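Colleague:
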Amino acid sequence: MFKLSSLKHRLRTRSDEKRHVCHLCPKAFRTATLLHNHVNAHTGNKPHKCSECDTAFVTRGELSRHRRYKHTLERPFKCTICEYSSVEASKMRRHVRSHTGERPYPCHLCSYASKDACKLKRHMVTHTGRILG
DNA sequence: GGTCACTAGCGCCCCCTGCTGGT
DNA sequence: ACCAGCAGGGGGCGCTAGTGACC
């Protein structure tokens, strides 16, 4: 849904696109917070610690997701076809392909097609003997 | 105009399981 | 029967972008 405040925010942040440059690599970001998270990933600094298992993360979002996976067991994404539910929408999309049979990742060396980009990569090892990339 | 919090999205790695073909 | 190779399904995390609220 369109929101005026959102548009204003985009317009005002557009002017300074990616001017926050990492001093450890060539990457640049729109905001200082994004840069800060990125630098923490470089340094291994993980300030967001789980209160229940002491696992630590770079961002609060990662911690939030971890808590759903490990502690709250909250699975907001429900499959409409079976009983499966998931923590993440992307996992649900991947699951739904097991119902639809959709295989969007074709192998260019054989007739195989995968439902999952990662599985295609693994499959390629059977052709090349090694991981590509 | 900046920061923060949250969510969404893509990608990667890993594990377990079942099937299949060779021995 | 046993084993190895492979694919299917899924869990968990790394990282970045988008968005809305607040200062």
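Read in order, the letters of the first sequence correspond to residues 1 to 133 in the UniProt record's numbering. Note that the Cβ used here is the ideal one computed from N, Cα and C, for glycine as well. Keep in mind it's a predicted model, so treat the numbers as computed, not measured.
Between the alpha carbons of C107 and C82, how many angstroms are there, rounded?
Modeller: If you take the alpha carbons of C107 and C82, they lie about 29 Å apart.
Colleague: Starting from the N-terminal side, write out each stretch of the alpha helix (DSSP H) that is 4 residues or longer and does not extend beyond the region 23–66.
Modeller: You should have 32–43.
Colleague: Where do the N-terminal and C-terminal ends of the alpha helix (DSSP H) with H95 fall, by residue?
Modeller: Start and end: 89–100.
Colleague: Can you have a look at K115 and say buried or exposed, based on whether 16 or more other CB atoms are within 10 angstroms of its CB?
Modeller: Result: buried.
Colleague: CB-CB under 6 Å to K49, same chain, minus the five flanking residues each way: which ones, in chain order?
Modeller: Contacts found: A56.
Colleague: Which same chain residues, not among the five before or five after V87, have their C-beta less than 6 Å away from its C-beta?
Modeller: Within the same chain, V87 has close Cβ partners R68, Y69, R75.
Colleague: Can you give the Cα-Cα distance for K46 and V58, rounded to whole angstroms?
Modeller: Taking the straight line joining both Cα atoms gives about 4 Å.
Colleague: Smallest Cα separation from V96: which of K78, C110, S111?
Modeller: Among K78, C110, S111, the Cα nearest to that of V96 is on K78.
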